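Residue numbers (the UniProt record's numbering): 1 to 93.
Just so it is clear, CB atoms sit at the ideal spot from N, CA and C, and this is done for glycine as well.
Bear in mind that the values here come from a model prediction, so they are computed numbers and not experimental data.
Scroll down for the structure; my scribbles are underneath it.
Shown next as structure tokens:
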């Protein structure tokens, strides 16, 4: 799906994030990522591993992956997890 008016913005903008996250596929992806992290994080904790790196990509790296990662990071922070986010391609044109 493509909305021309949102193209110059990024997934860090509320309007873009809302547009991305209301998509059925994005919602399904978020559900699967939640399940994966719910499974993995306790295992990492049990083994004393200090961090888990998660990479999420999309075609341009400015909209979908940014919105999904920021939403996921917010959920993890709300559960008391320390989260560091780097959007590698968000400034690419």
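Legend entry - When 45, 19 and 62 are compared against residue 89, the one with the closest alpha-carbon: 62
Legend entry - Close beta carbons around residue 81, own chain, < 8 Å, minus the five adjacent residues each side: 41
Inset, instruction - Could you say which of 14, 3, 20 and 8 lies nearest to residue 58 if we only look at CA atoms? - result: 20
Inset, instruction - Quick one: measure Cβ to Cβ for residue 73 and residue 16, integer angstroms, because I've assumed they're closer than 8 Å. - result: That belief does not hold up - the Cβ atoms of residue 73 and residue 16 are roughly 16 Å apart, past 8 Å.
Legend entry - N-terminal and C-terminal residue of the alpha helix (DSSP H) that residue 31 is part of: 24-46
Inset, instruction - Under 6 Å Cβ to Cβ from residue 64, same chain only, skipping five residues before and after it: list those, please. - result: 20 and 58
Inset, instruction - Might you give, ordered along the chain, the residues of its own chain that have their beta carbon closer than 7 Å to the beta carbon of residue 95, omitting 5 neighbours on each side? - result: In this structure the chain extends from 1 to 93, so residue 95 is not present and cannot be described.
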